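Quick notes on the structure that follows.
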Amino acid sequence: MMELLNVNNLKVEFHRVEGIVKAVDGISYKLNKGESLGIVGESGSGKSVSVLSLLRLINRNGRIVDGEAIFLGKDLLKLNKEELRDIRGKDISIIFQNPMTSLNPIIRVGIQVIEPIIWHRLMKNEEARERAIELLERVGIPESPKRFLNYPLQFSGGMRQRVMIAMALACHPKLLIADEPTTALDVTIQAQIMELLQELKEEYGMSVIFITHDLSVATNFCDRIITMYAGKIVEEAPVEEILKTPLHPYTKGLLNSTLEIGSRGKKLVPIPGNPPNPTKHPSGCKFHPRCSFAMEICQREEPPLVNISENHRVACHLIKGESK
Amino acid sequence: MKPLLQTVDLKKYFPQGKRILKAVDGISIEIKEGETLGLVGESGCGKSTLGRTILKLLRPDGGKIFFEGKDITNLNDKEMKPYRKKMQIIFQDPLGSLNPQMTVGRIIEDPLIIHKIGTKKERRKRVEELLDMVGIGREFINSFPHEFSGGQQQRIGIARALALNPKFIVCDEPVSALDVSIQAQIIDLLEEIQQKMGISYLFIAHNLAVVEHISHKVAVMYLGKIVEYGDADKIFLNPIHPYTRALLKSVPKIPWDGQKQRFYSLKGELPSPIDLPKGCRFQTRCTEKKAICFEKEPELTEVEKNHFVSCHLVRTYRG
């Protein structure tokens, strides 16, 4: 399989008044062409930063300290601003969680959809306009020639997210990053958006990185899952494998705490405790204060991420694997 | 047993220029002591407006509200005050509903101060108890809301709602803004509190999986009306209204057997509540509609004991 993205030992830090936050603490992951990768974890686990930092879409107080990210032979982290702009919105595009704050409220929706096409000089204005109307129609916006002229405020949350998707697809990207695209939506609208993304993924043959805290969405959409905790990858495996034999107690906890229809009468099994304070990560394994299997060694030593089979990696003292 | 809370044909309308938005359009529900009613529907269906109207945070435009058997519909603010102690609310946005300039201790003490309960020392003791009870711990009494994670902030909101020993709490989407891993914690906590203190909840959510666990009864709401209502066991075992069934299907299931699903989605969005569809309100999105659905609005009818449905096709389902 062709490799599209290869991230190696990525480290991102944020400088805050309270101290340094190691948001992403040396993670490596790969993505193949046409593959959908799910990055799962709680708020503050570093799941968004581990992807958005590749396009330098992080706050000013954030800094990429180390690592490389090879995308189609080029290291994204070494590109200058101009070179990076050539990639953003064209080869790699993003849909964000909050479609209201990521659309400009005072610019007509159609113009925003065209923007990436015009910016990358892929088409003339008139042609681009037609393409935008086509795209709006494709993502399920009725009467798209009329709606082209509307402002974001005139759209519902679900419709705005459709506009975001049209914009992201405008230049036919090779990689689509979906950063919690349905978290702010109703379940019914979430299902609509996911159905649309599923269709478009196949139609466009794109690779997708899907960032979410909800495993019930990720396991139906993705081919492979990475679980992150406190800036580290704690487990990685194909979906089928992670559902059949989840190894890290945190992955198991996430799976068990997902609310599904049919839970009536069953006891809920929440993960105890809260995500760690980002400036004061615990010693040893960062998950140990919340882990019901924690041993003495877990407080002292951080477990390495080891391969336990060809495509299953885990970082836990309970699991013995061959060191990488 | 007499219901703790009852609404009869409750209405809340918002004038929009010359037209009227019927947010709550004739709703009758009952909640018994120590019971949870799960109220489910999409954004804009009027579920939060119903919750706020019940608490008289909004003035009803019709119908009645009974609390402990007493008609509280037309009580003025002063007459409502003793009832405010017994009826509380927890909000969706945990941080937005906590004053950022107050310490956690002061936030939880606030209702006690307003209702002039106890001395300073007694109030402090009560706040400490509450902090322990919701799993924050009394040592954090002087911290500020932003120092906590979303789940912990929601626990603080719960502690504040409990301060006055209420009998009834409206939980308005209390877990929608939280991580999946934390949602289960908060639901667990609310259930534990209910068992200990015998509180009744109106638990509002857009996701049926969230209310399934906690509810004794369920009401499914669509454009200001209830379309299905009854015992949770019956509704989850035998959902009848096409809308209820669509809501159930739209919750993704983890493909434990490795068989990934296509996402199932109800087509279209909630129509504008100002321009209600003719006949059955759900008709524009219903896949099973018949001619009658365009003409006549169906009524809520009992299909089995404690299970009500508002759909013209009910007869078909009953065979």
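Note that the protein sequences, when read in sequence, are chains C and X.
For the first sequence, the working numbering assigns the number 232 to the initial residue and increments by one for each residue that follows.
For the second sequence, the working numbering assigns the number -8 to the initial residue and increments by one for each residue that follows.
No residue lacks a Cβ here, since even glycine has one placed at the ideal position from N, Cα and C.
Nothing here was measured: the structure is a model prediction, and the numbers come from that model.
- At a Cβ-Cβ threshold of 7 angstroms, A154/X and P102/X count as neighbours.
- When C-alpha distances from Y382/C are compared across V344/C, A415/C, I338/C, the shortest belongs to I338/C.
- Bounds of the beta strand (DSSP E) holding G54/X are 53 to 58.
- If one requires a minimum length of 4 residues, the alpha helix (DSSP H) runs lying completely within the region 257 to 310 of chain X are 282 to 286, 305 to 309, in chain order.
- Residue contact with chain C for F135/X: absent (no Cβ-Cβ distance below 7 angstroms to any residue of chain C).
- Identification of chain X residues near R495/C by a Cβ-Cβ cut-off of 8 angstroms yields E203, H204, A223, D224, F227, ordered along the chain.
- Contact between the region 262 to 280 of chain X and the region 288 to 300 of chain X is present: three or more C-beta pairs spanning the two stretches fall below 8 angstroms.
- For Q186/X, there are no neighbours in chain C by C-beta distance under 9 angstroms, as the nearest C-beta there is about 13 angstroms away.
- Within 10 angstroms of the beta-carbon of D248/X lie fewer than 16 other beta-carbons, which makes it exposed.
- Within the region 164 to 178 of chain X, those residues whose Cβ lies closer than 7 angstroms to any Cβ of chain C are, in chain order, D170, V171, S172, Q174, A175, Q176, I178.
- According to DSSP, G269/C shares a beta bridge with F441/C, I456/C.
- L285/C and K309/C have their C-alpha atoms some 10 angstroms from each other.
- The Cβ atoms of L228/X and L199/X lie no closer than 7 angstroms to each other.
- F524/C sits exposed, since fewer than 16 C-beta atoms from the chains shown fall within 10 Å of its C-beta.
- Taken in chain order, the complete alpha helix (DSSP H) segments of 4 residues or longer contained in the region 336 to 409 of chain C are 340 to 350, 356 to 369, 375 to 378, 388 to 400.
- R151/X: not part of any beta strand (DSSP E); member of the alpha helix (DSSP H) spanning 141 to 153, first to last residue.
- Three or more Cβ pairs drawn from the region 434 to 451 of chain C and the region 169 to 177 of chain X lie within less than 8 angstroms of each other, which places the two stretches in contact.
- G189/X sits in coil when the DSSP states are folded into three classes, being neither helix nor strand.
- Look at P102/X here: in three-state DSSP terms it is helix.
- Cβ proximity to chain X below 7 angstroms picks out H444, D445, L446, S447, V448, T450, N451 from the region 434 to 459 of chain C.
- Against chain X, the CB of Q423/C has a partner CB under 7 angstroms away; the residue lies at that interface.
- In the DSSP assignment, T27/X falls within the unbroken beta strand (DSSP E) covering 27 to 31.
- For E374/C, there are no neighbours in chain X by C-beta distance under 7 angstroms, as the nearest C-beta there is about 14 angstroms away.
- The beta carbon of E26/X lies closer than 6 angstroms to those of S191, H207 in the same chain, with the five residues before and after it left out.
- Along the region 463 to 481 of chain C, the positions whose C-beta sits under 8 angstroms from a C-beta of chain X are V470, E471, L474, K475, read in chain order.
- Two segments are said to touch when three or more pairs of C-beta atoms, one from each, lie closer than 8 angstroms; by this definition the region 253 to 268 of chain C touches the region 446 to 466 of chain C.
- Assignment of Y481/C by DSSP, reduced to helix, strand and coil, places it in the helix class.
- Beta bridge pairing from DSSP links F245/C with V252/C, G293/C.
- Of all residues in the region 248 to 261 of chain X, only G249, K251, Q252, R253, F254, Y255, S256, L257, E260 place a beta-carbon less than 7 angstroms from a beta-carbon of chain C.
- Looking at the DSSP output, L315/C sits in no beta bridge, so it has no partner there.
- According to the DSSP assignment, A210/X belongs to no alpha helix (DSSP H) but to the beta strand (DSSP E) extending over 208 to 213.
- Looking at C516/C, L384/C, G320/C, L486/C, the one whose alpha-carbon comes closest to that of P507/C is C516/C.
- When Cβ-Cβ separations below 7 angstroms define contact, L239/X makes contact with chain C.
- In terms of Cβ geometry, I550/C and Y260/C do not form a close pair [threshold 7 angstroms].
- Counted as a single uninterrupted DSSP element, the alpha helix (DSSP H) harbouring A237/X occupies residues 233 to 241.
- Taking the beta carbon of L268/C as reference, no residue of chain X falls within 7 angstroms; the closest one sits roughly 15 angstroms away.
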